[in-house]
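Asks:
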Amino acid sequence: MSDLHTSPSGESHGSVSSYIIGFVLAVILTAASFGLVMSHSLSPSGTLTGLAVLAFIQVLVHLHYFLHMGSGSEQRWNNMCFFFTVGFVVILLIGTMFIMNNTALHMMSR
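Residue numbering for the sequence shown is 1 to 110, as defined by full-length UniProt numbering.
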């Protein structure tokens, strides 16, 4: 039995075991983030760094186990759309921050 199931349209979907593995990993990463904050064992900058690392790992877990984004040739369009969307959001956020900073410097200081 294959680990991936295929729909009538040819799209691959994960098995129940892959969803359970993803869910367990997501719960573990969430609990680790909660424990990191509640334990106060690191400095504030260390806590933020730890949270950023755990958040990045959790994003990768979600992309792999729930969105089924892999490196296979059948995933090429999904990956291209995802990276285009990420790039667009980054450009939008950086542009917004630039505009707000520029406005604050030139308009609010008078």
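Cβ coordinates follow ideal geometry from the N, Cα and C atoms, glycine included.
(1) What span of residues does the alpha helix (DSSP H) with A104 cover, start to end?
(2) DSSP on G46, reduced to helix/strand/coil?
(3) State buried or exposed for Y19, treating a residue as buried only when at least 16 other CB atoms are found within 10 Å of its CB.
(4) Is it right to say G22 is buried, meaning 16 or more other beta carbons lie within 10 angstroms of its own, or is it exposed?
(5) Could you tell me which residues DSSP pairs with residue 114 in its beta bridges?
(6) If you count every other CB in all the chains shown that lies within 10 Å of the CB of S2, and 16 or more means buried, which is it?
Replies: On the basis of the coordinates in this document:
(1) Here A104 belongs to no alpha helix (DSSP H), and DSSP marks it neither H nor E.
(2) helix
(3) exposed
(4) buried
(5) In the structure as shown, the chain begins at 1 and stops at 110. Residue 114 is therefore absent and cannot be evaluated.
(6) Because the pLDDT of S2 is 48, which lies under 50, any placement of that residue in the model is unreliable, and the question is left without a value.
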